[in-house]
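For the sequence shown, this note's numbering assigns the number 1019 to the initial residue and increments by one for each residue that follows.
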Amino acid sequence: MADQAEKLKELAAKKDIKSNNLSHKVRVITITSGKGGVGKSNMTVNLALALAQMGKRVVIFDADFGLANVDILLGLIPRYNMHHVVSGDKQLQEIILKGPLGVHIVPGSTGLLEMANLNGFQRQQLLKQLLELERSAEIILIDTGAGISKSVLGFITAADDVLLITNPEPTSITDAYGIAKIISKYQLQQEVKLVVNQVKNIQEGEDVAQRFSRVAHNYLRLPVDYLGCVLCDSVVARSVREQHPFFIAYPNSKAAECIDRIANNLVEPYSLKVQGGEGMSGFFRKIAKIFS
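Here you go:
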């Protein structure tokens, strides 16, 4: 873990230096949670659709290696994943799934981690393919597994932003704080963005966010940017059963309206800043280095 932490900290520092680069093309957002069952993947899918409806070109990378289910939520059946790309059996464009509103999905499997085993030539060939995809994307959403693992910490470090999902349950909040603590300790990000899911009302979401932000500030010196909450809504469970995301299946629902506000909060402040970064290919260069 010590060696891993040093790699993460080194890359985080380099990322800060390179943030002045004005050639940023793609914004990479890692979406994670302290524990399972908080609606992280459902949030990823519906947020992607909301961003797409705003005119953004969005790609979802399903990096939840244990319980990958982005495709299931969209009613899609992947034949191939990143493992087939890394092994050279398929080109990146051949594995991409096309979802609603032009959202593209890249099934991850363990192929993202397998990049560490590629030789220099193989890695360059893969990066060329990633650059091609980068030209057609503005926002990449990385849907990670829940909890703290080597892969999750790698995706947190390599991303431009981290979106932390929790719900009002004490165990969920505690586990989300655990991730924030690691981020602060190893300086993986300068701040985290927070969404509180499955709340009874707007006030409950604000209360959770205020408590979380206060503790993160006082004990971790880690700023928390609260993007909003998603109200409990029966259409959420119904849309999962129907494999049809609620943002498009039930656009007038309370949950869909909440997602729309979160998407706006995610995009509008960002557009006012001069942002830098290395885009998607830079993200995967970092991932390959972390896992090597």
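We put the CB at the ideal spot given by N, CA and C, even for glycine. As the structure is a prediction and not an experimental result, all values here were calculated from the model.
Residue i (DSSP reduced to helix, strand or coil)
i            : result
residue 1300 : helix
residue 1282 : helix
residue 1125 : strand
residue 1171 : helix
residue 1045 : strand
residue 1154 : coil
residue 1287 : helix
Residue i CB to nearest heavy atom of the ligand FMN below 7 Å
i            : result
residue 1267 : Questions concerning the ligand FMN fall outside what the structure shown contains, since it holds no ligand whatsoever.
Distance between residue j and residue i (C-alpha atoms, nearest Å)
i            : j            : result
residue 1228 : residue 1175 : 25 Å
residue 1095 : residue 1141 : 27 Å
residue 1042 : residue 1298 : Residue placement at residue 1042 is poorly supported in this model, since its pLDDT is 44, which falls under 50; the coordinates are not used for a value here.
residue 1144 : residue 1104 : 7 Å
residue 1184 : residue 1070 : 24 Å
residue 1216 : residue 1050 : 16 Å
residue 1202 : residue 1146 : 33 Å
residue 1063 : residue 1222 : 24 Å
residue 1101 : residue 1257 : 29 Å
residue 1073 : residue 1045 : 15 Å
residue 1099 : residue 1126 : 6 Å
residue 1075 : residue 1196 : 32 Å
residue 1052 : residue 1081 : 15 Å
residue 1282 : residue 1150 : 27 Å
residue 1269 : residue 1280 : 14 Å
residue 1163 : residue 1191 : 17 Å
residue 1259 : residue 1211 : 29 Å
residue 1039 : residue 1218 : Here the model assigns residue 1039 a pLDDT of 42, short of 50, so the residue's position is not dependable, and the following value carries that caveat. Roughly 42 Å between the two C-alpha positions.
residue 1172 : residue 1208 : 15 Å
residue 1056 : residue 1161 : 13 Å
residue 1265 : residue 1198 : 29 Å
N- and C-terminal bounds of the beta strand (DSSP E) containing residue i
i            : result
residue 1215 : 1210–1217
residue 1244 : 1242–1249
residue 1180 : 1179–1184
Assumed close pair residue i, residue j - CB separation to whole angstroms, cut-off 8 Å
i            : j            : result
residue 1318 : residue 1284 : Residue 1318 lies beyond the stretch modelled for the chain, which goes from 1019 to 1310, so this question has no answer here.
residue 1226 : residue 1214 : 5 Å
residue 1261 : residue 1119 : 16 Å between Cβ atoms; not a contact.
residue 1115 : residue 1263 : That pair is no contact at about 14 Å.
residue 1254 : residue 1273 : 5 Å
residue 1178 : residue 1078 : Not really, about 16 Å apart at Cβ, beyond 8 Å.
residue 1271 : residue 1251 : 6 Å
residue 1148 : residue 1110 : 7 Å
Range of the contiguous alpha helix (DSSP H) that encloses residue i
i            : result
residue 1255 : 1252–1260
residue 1158 : Note, residue 1158: premise wrong, no alpha helix (DSSP H); beta strand (DSSP E) at 1157–1162.
residue 1229 : 1220–1233
residue 1188 : 1188–1203
residue 1166 : It is not in any alpha helix (DSSP H) - residue 1166 carries neither H nor E in the DSSP assignment.
task = Can you check the stretch 1058–1127 for any alpha helix (DSSP H) of at least 4 residues that lies completely inside it and give the ranges in chain order?
result = 1058–1071, 1088–1091, 1100–1104, 1110–1113
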